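The letter at position 39 of the sequence shown is residue 38 when you use numbering that gives the first Met the number 0, and the numbering goes up by one with no holes.
Cβ coordinates follow ideal geometry from the N, Cα and C atoms, glycine included.
Note that this is a predicted model, so its numbers are computed, not measured.
Accompanying notes for the structure given below.
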Amino acid sequence: MYRGEYEGERNDSNQRHGQGRALLPNGDVYEGKYRNGKRHGRGLYVFRGGARYEGQWKKGVKHGEGKFQYPDGSWYEAHLDAGEWKRDMRHGYGAYHYPNGDVYEGSWRKNLRHGLGNYTYQSSGTKFMGSWVDERMEGRGQLIHPKHRYHGTWGKNLPEGPGVYTFSLKWMQLGQYVHMKVSDQDLAEALDEERAEESTKDPSAIPLGVVALWRATKVGKYDPSLLPAEPVPVTITDSVQSIESVELPEEAGVKEEEAGESQEEPQAPEQAVQDKSPEEAEQLASQEIQEGIQPEPEVSAEDYPDTEDEDF
């Protein structure tokens, strides 16, 4: 069996130890540090499919500061001062850059977006800042547009319950999002303009036949005391120590590399959400109060300033 090729340092037990370069049987290439036969320290791993990882390794797996570039042009980067890879997984704090220019920066847990994080849409400049649970927007958050923002709570990627729209720190609209099951396609199309501002690219992330409808109750001058509570970090039940103690399967690359063990080339994560155009978002936010609700005081779209809302 072809065991690949290796050039570099070895220890007294003839294991790869120190600086070395290996061509693995499947065509992958690794160049960097070894310890007792395993990738350990800083190194560059190039997959034959085009992906590449450059950063820290520990006992044969990605662990620590590093940057992973995917064949589609996206990349994930973790900095030692802000977070790192754990046992070959995105775990901690890191930034993922999508091919279309979108960026997620925040907490990760076992390769999934989990904790507090910001997702920025390159096309519109819209940003979601808030809580994530297992890839989904879940808990408190804010959806920030160039001229307004929404403060509220999310569940399974949909806004739900009480919330507040604010407009350049001058006006605010209070109300709540309610979830409605839609079984008829014609009804779904009729309600399209009242859907939540964001939808997901992954059909499984939002329950099929469910839409979020905004029910406004009051319009008034901006009052920060009426804003919902800020997002809070999500509790992660498994600690770093528990992750480090997990026995990885053979395909994770922990086995003796002399036997020709290679890394499993991972897939790039799905984009979490798909943003609507700024015009659509602005139309949703500035629509009139629902029929039968009297605003206090009465305002119109002309009252909203055109200046951009400052980031907090």
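Nearest CA to the CA of residue i: which residue from the options?
{"i": "V209", "options": "Y120, W107 and N156", "result": "N156"}
{"i": "G140", "options": "G151, V163, D133 and R34", "result": "G151"}
{"i": "N10", "options": "K32, V28, G3 and L212", "result": "K32"}
{"i": "W153", "options": "H178, Q172 and T165", "result": "H178"}
{"i": "R400", "options": "M171, D27, Q55 and A228", "result": "What the structure shows of the chain is the stretch from 0 to 311, and residue 400 is not part of that stretch, so it cannot be assessed."}
{"i": "R214", "options": "Y176, L226 and L225", "result": "Y176"}
{"i": "D71", "options": "R51, K58 and W131", "result": "R51"}
{"i": "D101", "options": "Q172, W170 and W74", "result": "W74"}
{"i": "V132", "options": "Y29, P145, L115 and H90", "result": "L115"}
{"i": "G129", "options": "G3, V28, P227 and Y29", "result": "P227"}
{"i": "E229", "options": "G219, G42 and F127", "result": "F127"}
Quick one: Cα of residue i to Cα of residue j, how far?
{"i": "E53", "j": "I143", "result": "34 Å"}
{"i": "S123", "j": "N25", "result": "42 Å"}
{"i": "G7", "j": "H96", "result": "34 Å"}
{"i": "Q34", "j": "R112", "result": "Checking the sequence, you will find Arg at residue 34 rather than Gln. Approximately 32 Å between the Cα atoms of the pair."}
{"i": "V163", "j": "R135", "result": "21 Å"}
{"i": "T125", "j": "S167", "result": "15 Å"}
{"i": "G93", "j": "S12", "result": "38 Å"}
{"i": "T199", "j": "D222", "result": "Caution is warranted here: a pLDDT of 36 is assigned to T199, below 50, making its placement in the model unreliable, and the coordinate value is therefore given only provisionally. Between T199 and D222, the C-alpha separation is close to 32 Å."}
{"i": "Y5", "j": "L22", "result": "6 Å"}
{"i": "G63", "j": "M88", "result": "10 Å"}
{"i": "A211", "j": "K180", "result": "9 Å"}
{"i": "K217", "j": "Q68", "result": "48 Å"}
{"i": "E137", "j": "R108", "result": "14 Å"}
{"i": "T119", "j": "G17", "result": "41 Å"}
{"i": "G49", "j": "V231", "result": "38 Å"}
{"i": "N117", "j": "Y103", "result": "6 Å"}
{"i": "Y44", "j": "K58", "result": "14 Å"}
{"i": "G174", "j": "N99", "result": "33 Å"}
{"i": "R20", "j": "Y1", "result": "17 Å"}
{"i": "G332", "j": "V60", "result": "Because the chain is modelled from 0 through 311, residue 332 falls outside the range shown and cannot be assessed."}
{"i": "T165", "j": "Q121", "result": "22 Å"}
{"i": "H90", "j": "F46", "result": "22 Å"}
{"i": "G3", "j": "N110", "result": "30 Å"}
{"i": "Q172", "j": "K146", "result": "14 Å"}
{"i": "Y29", "j": "S224", "result": "56 Å"}
{"i": "Q169", "j": "D27", "result": "Just to set this straight, residue 169 is Lys in the shown sequence, not Gln. Near 58 Å, if we compare the C-alpha coordinates of D27 and K169."}
{"i": "K220", "j": "G42", "result": "57 Å"}
Measure the beta-carbon distance from residue i to residue j and round it to whole angstroms, keeping in mind my assumption that it falls under 8 Å.
{"i": "G36", "j": "R15", "result": "5 Å"}
{"i": "E76", "j": "K66", "result": "4 Å"}
{"i": "P161", "j": "Y149", "result": "With 8 Å as the limit, P161 and Y149 do not qualify as a contact, their Cβ atoms being about 11 Å apart."}
In the DSSP assignment, find the beta strand (DSSP E) that holds residue i and state where it starts and stops.
{"i": "Y69", "result": "From DSSP, Y69 is part of no beta strand (DSSP E); its letter is neither H nor E."}
{"i": "T216", "result": "V209 to K220"}
{"i": "Y118", "result": "L111 to T119"}
{"i": "Q18", "result": "R15 to L22"}
{"i": "M88", "result": "M88 to H96"}
{"i": "G124", "result": "Where G124 is concerned, there is no enclosing beta strand (DSSP E), given that its DSSP letter is neither H nor E."}
{"i": "G105", "result": "V102 to R108"}
{"i": "G7", "result": "E4 to R9"}
{"i": "Y75", "result": "W74 to A77"}
Nearest chain C C-beta to residue i closer than 8 Å, yes or no?
{"i": "R86", "result": "Going by chain labels, chain C is absent from the structure shown, which holds only one protein chain."}
Check whether the Cβ of residue i sits closer than 7 Å to any heavy atom of the ligand ADP, and report yes or no.
{"i": "Y5", "result": "The ligand ADP is not among the ligands present in this structure, which contains no ligands whatsoever."}
> Enumerated in chain order, which unbroken segments of the beta strand (DSSP E) with a length of 3 residues or greater are wholly contained in the stretch 129-180?
Replying inline: 135-143, 148-154, 157-166 and 170-180
>> In chain order, what are the residue ranges of uninterrupted beta strand (DSSP E) at least 3 long that sit wholly in the stretch 30-67?
In response: 37-45 and 51-57
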